[in-house]
Amino acid sequence: MTSDASTLSSDQIPPLPPLKLPSTFFTGRDTYLQTLKDCFSPATNSERKKFLLYGMGGIGKTQICLKFIVQYGKTWFSDIFWIDASSEHTIDLCLRQIAKKHKVDSTPSAESALEWISHRKNWLIVFDNADGGYHVVEKFIPPGSEGSILITSRDKGLARISSGTNYIEVTEMGEEEAIALLLKSAKVHNNSVNVAIAAQRLVATLGYIPLAIDQGGAYVQTCDCGLDYYLELFIKHHARLMPDEEFRGASLYNKSTYGTWEISIEEIKHRAGGENNAQRLAAQNALYLHEIFAFLHHDNISEDIFKNAALNFMRRKGQMTDGLPQSISLLDCKGLFLDDDGNWDAFQFQAGIKVLLSFSLIRGNGKLYSVHPLMHTWSRDRISVGNVSDCCRKSRALLACSFDYQEDDYKFYALLAPHIKANGEYAAQFMSNDQYFDDQNDRFALEPV
Numbered sequence: 001m002t003s004d005a006s007t008l009s010s011d012q013i014p015p016l017p018p019l020k021l022p023s024t025f026f027t028g029r030d031t032y033l034q035t036l037k038d039c040f041s042p043a044t045n046s047e048r049k050k051f052l053l054y055g056m057g058g059i060g061k062t063q064i065c066l067k068f069i070v071q072y073g074k075t076w077f078s079d080i081f082w083i084d085a086s087s088e089h090t091i092d093l094c095l096r097q098i099a100k101k102h103k104v105d106s107t108p109s110a111e112s113a114l115e116w117i118s119h120r121k122n123w124l125i126v127f128d129n130a131d132g133g134y135h136v137v138e139k140f141i142p143p144g145s146e147g148s149i150l151i152t153s154r155d156k157g158l159a160r161i162s163s164g165t166n167y168i169e170v171t172e173m174g175e176e177e178a179i180a181l182l183l184k185s186a187k188v189h190n191n192s193v194n195v196a197i198a199a200q201r202l203v204a205t206l207g208y209i210p211l212a213i214d215q216g217g218a219y220v221q222t223c224d225c226g227l228d229y230y231l232e233l234f235i236k237h238h239a240r241l242m243p244d245e246e247f248r249g250a251s252l253y254n255k256s257t258y259g260t261w262e263i264s265i266e267e268i269k270h271r272a273g274g275e276n277n278a279q280r281l282a283a284q285n286a287l288y289l290h291e292i293f294a295f296l297h298h299d300n301i302s303e304d305i306f307k308n309a310a311l312n313f314m315r316r317k318g319q320m321t322d323g324l325p326q327s328i329s330l331l332d333c334k335g336l337f338l339d340d341d342g343n344w345d346a347f348q349f350q351a352g353i354k355v356l357l358s359f360s361l362i363r364g365n366g367k368l369y370s371v372h373p374l375m376h377t378w379s380r381d382r383i384s385v386g387n388v389s390d391c392c393r394k395s396r397a398l399l400a401c402s403f404d405y406q407e408d409d410y411k412f413y414a415l416l417a418p419h420i421k422a423n424g425e426y427a428a429q430f431m432s433n434d435q436y437f438d439d440q441n442d443r444f445a446l447e448p449v
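The numbers in the UniProt record's numbering rise by one with no breaks, and the one at position 207 of the sequence shown is 207.
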């Protein structure tokens, strides 16, 4: 349990900050609040209670916890300890701050704080933003069976710490509560039909994500513009609007919507340059997949697209091309997850997928994956101008290589069609005067889109 925080003397440890209140614009989320109430109610069994809220960044996990504490904190818990669990360092520092505040030891440490907490009754620890893996949080769980633990994370894997089925994914807001949040944040009190229609369109465009809606509302209120004006501005300039931290909304960590998601990419990049070989390869695969997914349709991205492309790539290598350019030349064994013997390596593909899932950058359903539409937009917006056409071109080459018109796999072709159509739209947007590829045009001509 060592970290940089442990080298600080008692005088150097900053004071424990007061527990923050939820946003004044907090709206709805009754299902999640009721779930937490059912789990942590004193009327239930006396064993230690643990629960995980997981979901994508900006979806409101932290705000739900803060609202729950406002509703039941004082009556149900003797002590509430809020831990920034974004890293082992921040956890260690928070625990040392607790030890110092309560004069637990002459030399405040995480160990002394955990030991002190374990001997108290009816406490609640919130490990917020625990995105470093369950093993990071696990070592900071107080000993014994007293108290309650609430965790927020982008990673469902933290459910290994919670009890049984005590976890739930926090998903997008319903339309009604999303509109209510937008009007509160924008301080719009006009209930005309035009305002209602504009609000309905705007929250749908923002994907019903609380942080994005609050950020949009902050812009409308600060700039004194209409909802319809902001919607038009967003459609044209989302790449500039969404990273703007001046209008960051109710983020406890002072991040915009795009900034919140960028944290995940930065952590994956950090792992991609690390010394652990397996972790490094998994992170590199995740970064590659993230860029490929950006230029497919956001829904029903099948593993079979990658597997079929890999198998077809091996079959078509060295085929006669009559000197015509081939999109297959844009692909390679590493990007197609082929091993040294030229076989499809499902393990390496899944290693990258697991990383993306652990940060809630994608959702999975069997071998089909999806990306939230607004997050999908961000995944393209964040790619540099110099690289965006290459990423789009590689995605297009992958789709072309996955298609084999000599096989009558109509189910796969139906699944492929929306991706070809979406990629074509992105190509028209990001690729000008694109090069002709004979194999690509040949196959796409046979696929109705």
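Heads up, the beta-carbon is just placed ideally off N, CA and C, and yes, glycines get one too.
In three-state terms, what does DSSP make of residue i?
{"i": "Pro18", "result": "coil"}
{"i": "Arg382", "result": "coil"}
{"i": "Glu275", "result": "coil"}
{"i": "Tyr364", "result": "With the sequence shown as reference, residue 364 is identified as Gly, and Tyr is not the correct amino acid for it. Looking at Gly364 - three-state DSSP - the assignment turns out to be strand."}
{"i": "Glu172", "result": "coil"}
{"i": "residue 476", "result": "Since the first residue shown for the chain is 1 and the last is 449, residue 476 is missing from the structure and cannot be characterised."}
{"i": "Leu150", "result": "strand"}
{"i": "Leu338", "result": "strand"}
{"i": "Ile301", "result": "strand"}
{"i": "Ser370", "result": "strand"}
{"i": "Tyr167", "result": "strand"}
{"i": "Pro448", "result": "Reliability fails at Pro448, whose pLDDT of 44 lies under 50, so the model's placement of it is uncertain and the value that follows must be treated cautiously. DSSP places Pro448 in coil when its eight states are reduced to three."}
{"i": "Met1", "result": "With a pLDDT of 45 at Met1, under the threshold of 50, the predicted position of this residue should be treated as unreliable, though the coordinate-derived value follows. In the structure shown, Met1 sits in coil (DSSP, three-state: anything other than H, G, I, E or B)."}
{"i": "Ile117", "result": "helix"}
Among the options, which one has its Cα closest to the Cα of residue i?
{"i": "Phe127", "options": "Ala196, Ser23 and Lys50", "result": "Lys50"}
{"i": "Trp116", "options": "Tyr134, Asn129, Leu93 and Gly144", "result": "Gly144"}
{"i": "Asp304", "options": "Gly366, Asp30, Leu231 and Pro373", "result": "Gly366"}
{"i": "Trp123", "options": "Ala427, Lys354 and Ile149", "result": "Ile149"}
{"i": "Leu53", "options": "Arg154, Gln200, Ser329 and Leu66", "result": "Arg154"}
{"i": "Ile161", "options": "Glu176, His135 and Ile168", "result": "His135"}
{"i": "residue 518", "options": "Val203, Val188, His189 and Ile197", "result": "Here the chain comprises residues numbered 1 to 449, so residue 518 is not present and cannot be evaluated."}
{"i": "Lys421", "options": "Asp408, Tyr410, Ala400 and Thr222", "result": "Ala400"}
{"i": "Gly133", "options": "Lys121, Glu146, Ile125 and Ser87", "result": "Ser87"}
{"i": "Tyr413", "options": "Asn166, Ile301 and Lys103", "result": "Ile301"}
{"i": "Ile59", "options": "Trp261, Lys334 and Trp344", "result": "Trp261"}
{"i": "Phe40", "options": "Leu21, Arg29 and Gln71", "result": "Gln71"}
{"i": "Thr107", "options": "Ser10, His119, Asn45 and Pro142", "result": "Ser10"}
{"i": "Asn129", "options": "Val195, Leu158 and Leu331", "result": "Leu158"}
{"i": "Leu33", "options": "Ile168, His102, Phe306 and Thr377", "result": "Ile168"}
{"i": "Lys187", "options": "Leu36, Asp224, Gly164 and Glu232", "result": "Asp224"}
{"i": "Asp332", "options": "His376, Asn277 and Leu398", "result": "Leu398"}
{"i": "Glu146", "options": "Ile125, Lys139 and Gly164", "result": "Ile125"}
{"i": "Leu287", "options": "Ser264, Lys307, Trp344 and Gly28", "result": "Ser264"}
Nearest chain B C-beta to residue i closer than 8 Å, yes or no?
{"i": "Ser192", "result": "Looking for chain B here will not work: only one protein chain is present."}
Measuring CB to CB, does residue i end up less than 8 Å from residue j?
{"i": "Ala351", "j": "Ala282", "result": "yes"}
{"i": "Ser384", "j": "His298", "result": "no"}
{"i": "Tyr208", "j": "Met173", "result": "yes"}
{"i": "Ile151", "j": "Val170", "result": "no"}
{"i": "Gly113", "j": "Ile98", "result": "Note that residue 113 is Ala in the sequence shown here, rather than Gly. Cβ atoms of Ala113 and Ile98: closer than 8 Å."}
{"i": "Phe26", "j": "Lys61", "result": "no"}
{"i": "Pro210", "j": "Gln63", "result": "yes"}
{"i": "Leu296", "j": "His419", "result": "yes"}
{"i": "Ala198", "j": "Leu227", "result": "yes"}
{"i": "Gln348", "j": "Asn285", "result": "yes"}
{"i": "Arg96", "j": "Ser109", "result": "yes"}
{"i": "Ile91", "j": "Leu19", "result": "no"}
So residue i is in the beta strand (DSSP E); what residue range does that whole segment cover?
{"i": "Lys50", "result": "Lys49 to Tyr54"}
{"i": "Val126", "result": "Trp123 to Asp128"}
{"i": "Phe295", "result": "Looking at the DSSP string, Phe295 is not in any beta strand (DSSP E), and its letter there is neither H nor E."}
{"i": "Asp79", "result": "Asp79 to Asp84"}
If residue i and residue j are in contact, beta carbons under 8 Å, what's the gap, nearest whole angstrom?
{"i": "Ala180", "j": "Leu374", "result": "At roughly 19 Å, the Cβ-Cβ gap does not stay under 8 Å, so Ala180 and Leu374 are not in contact."}
{"i": "Asn312", "j": "Ser395", "result": "That belief does not hold up - the Cβ atoms of Asn312 and Ser395 are roughly 16 Å apart, past 8 Å."}
{"i": "Thr257", "j": "Gln215", "result": "6 Å"}
{"i": "Arg363", "j": "Ala294", "result": "Not really, about 15 Å apart at Cβ, beyond 8 Å."}
{"i": "Ala310", "j": "Leu336", "result": "4 Å"}
{"i": "Ile83", "j": "Cys94", "result": "5 Å"}
{"i": "Met431", "j": "Arg393", "result": "7 Å"}
{"i": "Pro42", "j": "Trp76", "result": "6 Å"}
{"i": "Val355", "j": "Ile268", "result": "6 Å"}
Can you give me the start and stop residues for the alpha helix (DSSP H) that residue i sits inside?
{"i": "Asp30", "result": "Asp30 to Phe40"}
{"i": "Cys94", "result": "Glu88 to Lys101"}
{"i": "Leu66", "result": "Lys61 to Trp76"}
{"i": "Lys156", "result": "No alpha helix (DSSP H) holds Lys156; DSSP gives it neither H nor E."}
{"i": "Arg201", "result": "Val193 to Thr205"}
{"i": "Ala43", "result": "Taken as a continuous stretch (DSSP letters only), Ala43 belongs to no alpha helix (DSSP H), as it is neither H nor E."}
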